[in-house]
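**Student:** FYI, in our numbering the residues of the sequence shown are 579 to 1741. Glycine included, every Cβ here is placed at the ideal spot set by N, Cα and C. Predicted, not measured: the structure shown is a model, and the values here were computed from it.
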Amino acid sequence: MWGQGRVTALFVSLLLWMDTAAIDVPQDVKQPPTITKQSVKDYIVDPRDNIIIECEAKGNPPPTFIWRRNGKYFNTAKDPRVSVRKRSGTLEISFRSGDRPEDYEGEYQCFANNDLGVALSHKILLRVSKAPLWPKEQLKPVQVSEGAPLVLPCNPPPGLPPPITFWMSSAMTSIEQDQRVSMGLNGDLYFSHVMSRDTQTDYSCNARFLFTIQQKNPYYLKVQTNEQYNETSYNASSSSGRSVPESTPSFLSPSGTESSKTVLRDQQLLLECIAAGRPTPAISWFKKGGELPEHKVTLENFNKTLQVSGVSEEDAGEYVCMATNRLGSIRHAITVHVKAAPYWLDKPTDLVLAPDENGRLVCRANGNPKPNIQWLVNGQPLDSSVPTQGRQLLGDTILFRSVLMGSSAVYQCNASNPHGYLLANAFVSVLDMPPRMLAPKNQLIKVIENNRTFLDCPFFGSPLPELRWFKNGQGSGLDGGHYRVHRNGTLEIKRARSEDEGTYTCVANSILGTAENQVRLEIKEPTRIVRAPEHQSVVRGSTVRFDCKVKFDPSLTPSVTWTKDDEPLHLGWRFRKDEDALTISKVDESDEGTYTCSARTAIDLDSASGRLTVLERPNSPTDLELSDPAARSVRLTWIPGHDNQSPITEFQVQFEEDRYQPGEWRNLSSYPGDHNSVILQLAPFINYKFRVIAFNAVGPSPPSEPSKRYQTSGTAPDAIPKGLRGWGSEKNNMVISWEPLSDLERNGPDLHYSVWWRLSDSGDPWTNVTTAASRYEVTGTDSYKAYDLKIQARNSFGHGPESNVVVGYSGEDVPDSPPTNLKVSKVDSTKAHLHWTPVDMSSVHGQFKEYKLYYWRESSLVPGLVVSKEKQTKGFFSTTAEPLAVLTDLVPFSHYHMYMVVANSRHEGPPSNTVRFSTKEGVPDAPRFFRINRKGLDTLHLQWDKPLEPNGILIGYQLKYTPVNGSRGGRPLVETFLPNVTEFMLRLPERSTRYKLYLSARSQVGSGQVIAEEAPLFTNEAYMDQVDIATQGWFIGLMCAIALIILILLIVCFIKRSRGGKYPVRDKKDLPLDPVDHKDQDGSFDYHSDEDNKPLQGSQTSLDADVKESEDSLVDYGEGGDGQFNEDGSFIGQYTVKKDKDETEGNDSSEATSPVNAIYSLA
């Protein structure tokens, strides 16, 4: 059974073209032969290769094959070059060197035979490809007048298949084609009109065959011109600068005003119109009585060729091409006739019948002209074959009635007309077979919800069984509603839903029996990309992320793959894929493209795409050209570089000049991004060189290559120096200064400045000087006199305009009069009012600036308080007869001294009288610090220091505290302290309440600036930080206990030493024992020797002596007699004299007990 896998279901058939489609006969059932593969009708082969003519067929019994060549039996066994493939009818014709493949050209037909019939292939016309050589010819130079049309014929040699032609020069460069020069469908090269530049190359036609390219000898052109070059008769359309006559359009191909063309149905229609004329005519097309079919029509070769693909009968008619230039237009009408080779309307199909059944074979074809229908049976014409009972021919139909076993055969239908033929095989097989299922049993099919679904149930039987479908083994057959049963047994579910899940049973029933099969259907949720990749534009070098979040049925396992421009994407360090996205690092131009995310399961697929556009700075502009020169302007034109996916928004023109700042590029002007030709406004006497920079959203391009130099002519300055002023650096001079002209304002060489000055309002003549500097000093002036000033720039080309007159002043002198009668009034704690008699302004000897007051704090009225006597200044500008000023920011309760001077811009005058005054008492500053330490749950230790400036006599301190942070409110609690108190233990009213404390110092005037702190929370750490543990009882008791334990340990250590210290083992273990061993009362042994009075080796001799580590180990005693430890920790055991190494060794005595050992003994 046939079928195609649907994207949404692997086992679901999609292609059910017709309900009447024939049912395949299983291969294990006897059946006539069927052709399954054959070569094409028009078969062109390569002469260098062996020839293979294909013919394959199926059937039961397997068919045998015979061939006919040119209508005669072809005995393949007699030709050693010809062999037939095993289990196939395919011919292989092998050649050796010197053999001629052309000898095997002809018409071949294959016959497949078995006991039940004969099937035929179509006739295969075998031809060998040919590439004939170009005829040898000597081509003379082609002479043609300038402006005349020209056709260079190609005439390639006929080949099989026909060659493809193209034009090149003998230097193997392509001939550039355009509206004026182009190649026609026949291969000729057409010139609408010839120009003198067409002689710059030769023209050679090339023919490309299947296996080689051949080149024709080249044409050489000689273009004859009508007149010599005449600059006054320049014509823009002629590159040579001479006048060329114009001409109206005329057709080079096709000729005349009308023609006709015949084309076969389903082939390609090509219509061509090539016109001559000057200017080059434009070609347009239309169809009389209708529109050009836009979906099938394309215009090629600069509109000279009209192509219609897939021609049908409605494309017939009259097509008109029109050639137009400014001198006129012409038309040519082409009548198109559409013919048709035979094509199928109803192709005969295989027929399986049971004995006594009826059937029919139908063969209907159409064409233009109408084809002739001929029937054959087993390769022989039906009308000359042996008649068969129950068979009847009625035109294009064969009827079969009450067929008999043994009447199987293969029938051929041949439909032909002058344009071609069709051949179809259809067998009639008479079988007697009960129903059988052809598909595997109990298939599981998974499909996507809401999709059209097909459940296949391929079956076979003869007579043809009746097929019915059931769901879950219940109810009547499924057919109708959203179910449909096709004739081939397939059940169609128009829209699968979750309730369609279940087991479906197909039952095939005939008079010979019943067969059934089951299919299990599961409905799955579709795989969907819920967050798809989006189109993105990013800057080169950045990172981009494409999302691809997939939702799928939980019982399915999806796989997510990425492609770029439909090609697999290779992941690497720059391309990283995670569960929901693709990340691309360091993006570059090669990454640009369309990225597609495909989420695939076993039964469906969803995909989504996003395009990545890589943005970069634009490429540099190119081809800078200068034109339209003028005295102070020039036109600059350039070609913009590629914008690299981000539109150019601005062009910046820069310049460099080689006279004043050579090598330094400066900005000249900017222009919108759609400009590429601008007029630059320039300065005189500058040798310019220009370059252009393009800007887009990413940034600037590299600068273009610079233009050629452009020199502007010089002229007199047209700018006036700015910033002209006169001022004195000394009391008897005046410095005249100005801003020099910039390089672009010089306008020529030898730039100088002419400066004029005179006393203002004097009527004196002007004094002037010329200098190249930007300042000039006038000496010998009176102090602070007004002068009229003006300036003018000049160069070698002339003088510039004069400036307006400005007023300057000579230098200032020291004022010679002081302010008088300086006094104060209305003095309070921080300010005082000042009064004085002003000076005569003529005594200032300069520009009056201010009255400057010098004042300082001489002392404080607070006993013992040391103050700074640093002078302070404050200026007052006043020109009134009775000036008044207020001095602020004074320190209260202090003695002050002050005096005043008058000042001009450079000097101060003599001082006035000195005034002494005292400020009144004020409120104190805030205490220097305020610390709060928590001593307990309800106790705070407060510390503070006196204010830096008491501003009066301190009479005490005031403390206010109030609950904060949502604690219970109430009136603030107040504590007051004497002035000599700077700490206080405050007991809080409530332990669990946080308080904020406000502390201020007080004088007779009132409370001063407040300092506020919040009481810390009580914590063990906070408490320990603030408590001196050395004074705590628990700490003292702990230290005493530790001291007592140490004392007890020391006593024990000394006791142990005194007991074990009598036995220096290393010194005594080798000495002989006395005959009688004396034993002390404490149980230790006493050895009498000369060493008794010596200090113990290894023991501590004094508190200051060094302690030596014992060299003995208990291991020395562990292997001897019954050694053991006494109650007091000393070691006792049997001791014997060590005589020889071979004798039994005794146990050594323990060394004196060290304090460390004594501690272990206690343990």
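1) Check each candidate in Pro796, Ser1361, Val822 and name the one with the smallest Cα separation from Gly1306.
2) Excluding the 5 residues preceding and the 5 following Glu680 in the sequence, name in chain order all residues of the same chain whose CB lies nearer than 7 Å to its CB.
3) Take the Cβ of Pro996 as the centre, count every other Cβ of all protein chains shown within 10 Å, and call the residue buried at 16 or more, exposed below.
4) What does DSSP give as the partner residue(s) for Leu1147 in the beta ladder?
5) Looking at the unbroken beta strand (DSSP E) that takes in Asp618, where does it start and where does it end?
6) Give me the Cα-Cα distance between Asn1735 and Arg1635, rounded to the nearest whole angstrom.
7) Taking the continuous beta strand (DSSP E) assigned at Glu1235, which residues delimit it?
8) Consult DSSP for Gln605 and reduce its assignment to one of helix, strand or coil.
9) Which ranges would you report for the beta strand (DSSP E) in the region 1345–1396 if only whole runs of at least 3 residues count?
10) Going by beta-carbon coordinates alone, are Gly1341 and Thr1408 separated by less than 9 Å?
11) Using DSSP bridges, identify the partner residues of Arg1494.
12) DSSP on Lys1538, reduced to helix/strand/coil?
13) Determine the contact status of Tyr1429 and Ala1463, defining contact as a CB-CB distance below 9 Å.
14) With 16 as the cutoff for other CB atoms within 10 Å, does Gly1150 come out buried or exposed?
15) By the DSSP assignment, the beta strand (DSSP E) with Cys1084 in it spans what residues?
16) Does Met773 come out as helix, strand or coil in the three-state DSSP assignment?
17) Are Tyr781 and Ser831 touching if we call contact CB-CB under 9 Å?
18) Give the secondary structure of Glu872 by DSSP, where H, G and I count as helix, E and B as strand, and everything else as coil.
19) What do you get for Pro1650, buried or exposed, if any count of 16 or more other CB atoms within 10 angstroms of its CB means buried?
20) State buried or exposed for Asn1003, treating a residue as buried only when at least 16 other CB atoms are found within 10 Å of its CB.
21) At which residues does the beta strand (DSSP E) containing Lys1452 begin and terminate?
22) Quick one: what does DSSP say Val1583 is sitting in, helix, strand or coil?
23) What three-state label does DSSP hand Phe744 in the structure shown?
24) To test your reading of the DSSP string, which unbroken beta strand (DSSP E) runs of 3 or more residues are found completely within the region 1132–1207?
25) DSSP state of Thr1121, grouped into three classes?
26) Taking all protein chains shown into account, decide if Asp1655 is buried (16 or more other Cβ within 10 angstroms of its Cβ) or exposed.
27) Starting from the Cα of Lys1538, find the closest Cα among Thr1359, Gln967, Phe1555 and give me that residue.
28) Rounded to whole angstroms, what is the Cα-Cα separation between Lys664 and Leu977?
29) Tell me whether Cys1618 is buried or exposed, calling it buried when 16 or more other Cβ atoms sit within 10 Å of its Cβ.
30) Which residue's Cα is closest to the Cα of Glu1027: Thr1092, Pro1397, Glu1103?
31) So is Thr1349 buried or exposed if we call it buried at 16+ other beta carbons inside 10 Å?
32) Can you check DSSP and say which residues form a bridge with Val1422?
33) Of the residues Leu1045, Pro1043, Phe1032, which one's Cα is nearest the Cα of Arg1073?
34) Taking the straight line between their C-alpha atoms, what separation do you get for Asn881 and Leu905?
35) Measuring only the C-alpha atoms, how far is Val1402 from His1411?
36) So, helix, strand or coil for Trp712, using DSSP?
**Tutor:** Once the coordinates are examined:
1) Residue 1306 sits at position 728 when you count from the first residue of the sequence shown. Closest option to Gly1306, Cα to Cα, is Ser1361.
2) If you number the sequence shown from 1, residue 680 lands on position 102. Counting only Cβ-Cβ distances below 7 Å, and skipping sequence neighbours, we find Val706.
3) Translated into positions along the sequence shown, residue 996 becomes position 418. Per the 10 Å Cβ criterion, exposed.
4) Counted from its first residue, the sequence shown places residue 1147 at position 569. Its beta-bridge partners do not exist; DSSP assigns none.
5) What you label residue 618 is simply residue 40 of the sequence shown in a count that begins at 1. For clarity, residue 618 is Val in the given sequence; the question names Asp instead. Element bounds for Val618: n/a, residue is neither H nor E.
6) Along the sequence shown, one-based indexing puts residue 1735 at 1157. Along the sequence shown, one-based indexing puts residue 1635 at 1057. Any reading at Asn1735 must be qualified, since the residue scores a pLDDT of 35, below 50, and its modelled position is unreliable; the value itself is stated next. Spanning the two alpha carbons is a distance of roughly 10 Å.
7) In the sequence shown, the residue the question calls residue 1235 occupies position 657. That run of the beta strand (DSSP E) goes 1228–1235.
8) Numbered from its first residue, the sequence shown carries residue 605 at position 27. Gln605 falls in the coil class under three-state DSSP.
9) 1345–1349, 1353–1357, 1364–1373, 1376–1380, 1384–1387
10) The residue you call residue 1341 lines up with position 763 of the sequence shown. The residue you call residue 1408 lines up with position 830 of the sequence shown. Their beta carbons are not under 9 Å apart, which means Gly1341 does not touch Thr1408 by this criterion.
11) Translated into the one-based positions of the sequence shown, residue 1494 becomes position 916. His1475, per the DSSP bridge assignment.
12) As a first step, residue 1538 must be located in the sequence shown, where it is residue number 960. It is a strand residue.
13) Taking the first residue of the sequence shown as position 1, residue 1429 is located at position 851. Taking the first residue of the sequence shown as position 1, residue 1463 is located at position 885. Yes. Within cutoff.
14) Start at 1 with the first residue of the sequence shown, and residue 1150 comes out as number 572. Exposed, by the Cβ-count rule.
15) In the sequence shown, counting from the first residue as 1, residue 1084 sits at position 506. Its beta strand (DSSP E) spans residues 1080–1088.
16) Within the sequence shown, residue 773 is the residue found at index 195, counting from 1. Coil at Met773, not helix or strand.
17) Numbered from 1 along the sequence shown, position 203 holds the residue referred to as residue 781. Numbered from 1 along the sequence shown, position 253 holds the residue referred to as residue 831. No, Cβ-Cβ distance for Tyr781 and Ser831 is not below 9 Å.
18) Looking up residue 872 in the sequence shown gives position 294. Three-state DSSP puts Glu872 in coil, outside helix and strand.
19) The residue labelled residue 1650 in the question sits at position 1072 within the sequence shown. Residue placement at Pro1650 is flagged as unreliable, the pLDDT there being 40, under the threshold of 50; the coordinate-derived value follows with that caveat. The residue is exposed, with fewer than 16 neighbouring Cβ atoms inside 10 Å.
20) For the purposes of this step, residue 1003 is taken as residue 425 along the sequence shown, with counting starting at 1. So Asn1003 counts as buried.
21) Position 874 of the sequence shown, counting from 1, holds the residue named residue 1452. Lys1452 -> beta strand (DSSP E) spans 1450–1454.
22) Residue mapping note: residue 1583 aligns to position 1005 of the sequence shown, counting from 1. If DSSP states are grouped into helix, strand and coil, Val1583 belongs with coil.
23) Position 166 of the sequence shown, counted from the start, is the residue given in the question as residue 744. The answer is strand: DSSP assigns Phe744 an E or B state.
24) 1137–1142, 1153–1155, 1159–1162, 1171–1178, 1183–1193, 1200–1205
25) Indexing the sequence shown from 1 puts residue 1121 at position 543. Thr1121 falls in the coil class under three-state DSSP.
26) Within the sequence shown, numbered from 1, the residue matching residue 1655 stands at position 1077. Reliability fails at Asp1655, whose pLDDT of 40 lies under 50, so the model's placement of it is uncertain and the value that follows must be treated cautiously. By the 10 Å Cβ count, Asp1655 comes out exposed.
27) The residue you call residue 1538 lines up with position 960 of the sequence shown. The option with the nearest alpha carbon to Lys1538 is Phe1555.
28) Counting from 1 along the sequence shown, the entry for residue 664 is found at position 86. Counting from 1 along the sequence shown, the entry for residue 977 is found at position 399. Each residue's Cα considered, the two are about 37 Å apart.
29) Numbered from its first residue, the sequence shown carries residue 1618 at position 1040. The residue in question, Cys1618, is exposed, as its Cβ has fewer than 16 Cβ neighbours within 10 Å.
30) As a working mapping, residue 1027 is identified with position 449 in the sequence shown. Here the closest residue by C-alpha is Glu1103.
31) Within the sequence shown, numbered from 1, the residue matching residue 1349 stands at position 771. The residue is exposed, with fewer than 16 neighbouring Cβ atoms inside 10 Å.
32) What you label residue 1422 is simply residue 844 of the sequence shown in a count that begins at 1. According to DSSP, Val1422 bridges with nothing at all.
33) On the sequence shown, position 495 is the one that residue 1073 refers to. It is Phe1032 whose Cα lies nearest to the Cα of Arg1073.
34) Sequence index remark: in the sequence shown, residue 881 carries index 303 (1-based). Sequence index remark: in the sequence shown, residue 905 carries index 327 (1-based). Computed Cα separation, rounded: 20 Å.
35) Taking the first residue of the sequence shown as position 1, residue 1402 is located at position 824. Taking the first residue of the sequence shown as position 1, residue 1411 is located at position 833. The straight-line gap from Cα to Cα measures roughly 5 Å.
36) On the sequence shown, position 134 is the one that residue 712 refers to. Coil at Trp712, not helix or strand.
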